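When we follow the working numbering, the leftmost residue of the sequence shown carries the number 310, and every step to the right adds one. Just so it is clear, CB atoms sit at the ideal spot from N, CA and C, and this is done for glycine as well. None of these values were measured; they are calculated from a predicted model. This report concerns only the one structure given below.
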Amino acid sequence: MLTLDETHEPELVNPLALNTLGLYNTRKPTWEEIEKSSPHFAEAILAMGETGREMIQLSSTPAGKQLLVLVNSVKIGGHPVKIITFQDIEPEIEQKEMESWQTISRIMAHEIMNSLTPLSSLTETGIMLLEEEGEPKEVGSISQNTIDNLYTALKTISHRNQALTQFIGNYRQLSRLPLPQKKEIRVTDLLAEIEELYKVPCAKKGITFTLHPSPKKLSIQADDSQVKQVLINLVKNATEALEGLPDPRLNLVVKRILNQVSIEITDNGSGIPDEVLEKIFVPFYSTKPTGSGIGLSISRQIIRNHGGQISVQSKEGEGTTFKVALPVKKSF
């Protein structure tokens, strides 16, 4: 932990903070020394202003430690004081990444074997239909029934090959997500486009679609097409969850919470079971018969690349809310 006065000079710094920032031989560093030792940290603190929460990678350590940094401001004796707490979360990140990759590996192995096993079996069946005592049959000795069976086997092989190709394509899409090309976006304009896309389709399905007013001057620094992709995916999922239900309603609400914009997509559907909820962002996990299982995984990665978070709350029989939190565009 460290505290800064109104001129950004450190007042209190504990030893753990000094070690984390690479200031091993300093009792009480100046702000200039912090900027020199950990420029990324110093830059992020200035950018966050009075309050904020951000992940920062330190350049002052060989491995580039990942820090979770929290900034709050208070007045002590009439003077503003900025309180900064930070924690090295690299071990937790590595553990979570390992668990995620283990899960992905299991799913990929399962999906690939689901295709390869029948492909191998059907290939052997086709060979058996066309050979006799280890030699190819004469064309004239092949019956119509054998031709029909071989045709069925080849069609099945083709279908499984297409499914495997699509699975690999989905994996490539997930692993090659481009970094966001950010620009200033007004939140009202962004959500107006989502409303325009879905108000007619929702009306046709009998879904009451409500976009609640948001502050007109609220802006984010984001990749327009990527954030739209996330919101479209979430709204599409919500409309599918409402199909066939009485009095279906879908609400979009925007809130400003400290230095973040929170966009909430809420439906009054049947909700998501707990066992599904805990896996909902796992790549390739899907409860839909034709689902790829990458939509929410990609959405989470996009929002993380913007320095934000995506979360979900759901209760069976009551509905589901997805929350997309993105940093407010800072004014300097």
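Out of the options, which has the shortest C-alpha to C-alpha gap to residue i?
i, options, result
"V378", "Y507, P487, I451, A356", "A356"
"E627", "G617, E584, S579, H615", "S579"
"I477", "I421, E625, N328", "I421"
"L506", "S571, K537, D583, T312", "K537"
"S534", "K564, H615, A472", "H615"
"Q618", "L499, K624, T630, P636", "P636"
"P522", "E504, T465, T329", "E504"
"T465", "E441, L554, T426", "T426"
"E315", "I392, F350, V539", "I392"
"L463", "E444, I436, V562", "I436"
"E552", "K513, V539, E573", "K513"
Taking the alpha-carbon positions, what's the residue i to residue j distance?
i, j, result
"F590", "P338", "42 angstroms"
"P389", "R362", "19 angstroms"
"K525", "V509", "24 angstroms"
"L439", "T474", "27 angstroms"
"R336", "T312", "14 angstroms"
"T497", "I529", "11 angstroms"
"H317", "T575", "42 angstroms"
"V621", "Q569", "17 angstroms"
"N577", "S571", "19 angstroms"
"K638", "S430", "57 angstroms"
"N470", "T434", "17 angstroms"
"F631", "D397", "28 angstroms"
"T461", "A472", "17 angstroms"
"N381", "V633", "22 angstroms"
"E341", "L486", "37 angstroms"
"T629", "A547", "8 angstroms"
"D583", "A550", "16 angstroms"
"K345", "G331", "10 angstroms"
"R499", "H349", "Reading off the sequence shown, one finds Leu at residue 499, where the question assumed Arg. Their Cα atoms are separated by approximately 31 angstroms."
"L327", "E502", "48 angstroms"
"V383", "I365", "23 angstroms"
"E444", "S467", "25 angstroms"
Considering only DSSP beta bridges, list what residue i is partnered with.
i, result
"I385", "H388"
"K492", "A531"
"G628", "K624"
"G361", "V380"
"A634", "S571, Q618"
"T519", "N560"
"R565", "V570"
"T394", "L379"
"V322", "L311"
"D576", "L559, T629"
"E444", "E441"
Alpha helix (DSSP H) runs wholly inside the stretch 522-560, at least 4 long, in chain order: As far as the stretch 522-560 is concerned, its whole alpha helix (DSSP H) runs of at least 4 residues are 533-551.
Are at least three pairs of beta-carbons, each pair with one atom in the stretch 538-551 and one in the stretch 604-616, less than 8 angstroms apart? Per the Cβ contact rule, the stretch 538-551 is in contact with the stretch 604-616 (3 or more Cβ pairs under 8 angstroms).
Take every Cβ of the stretch 544-558, pair it with every Cβ of the stretch 507-520, and state whether three or more of those distances are shorter than 8 angstroms. Touching, per the Cβ criterion.
Looking at C-beta atoms only, is the number of pairs between the stretch 453-464 and the stretch 487-495 that lie closer than 8 angstroms three or more? No, the stretch 453-464 does not touch the stretch 487-495.
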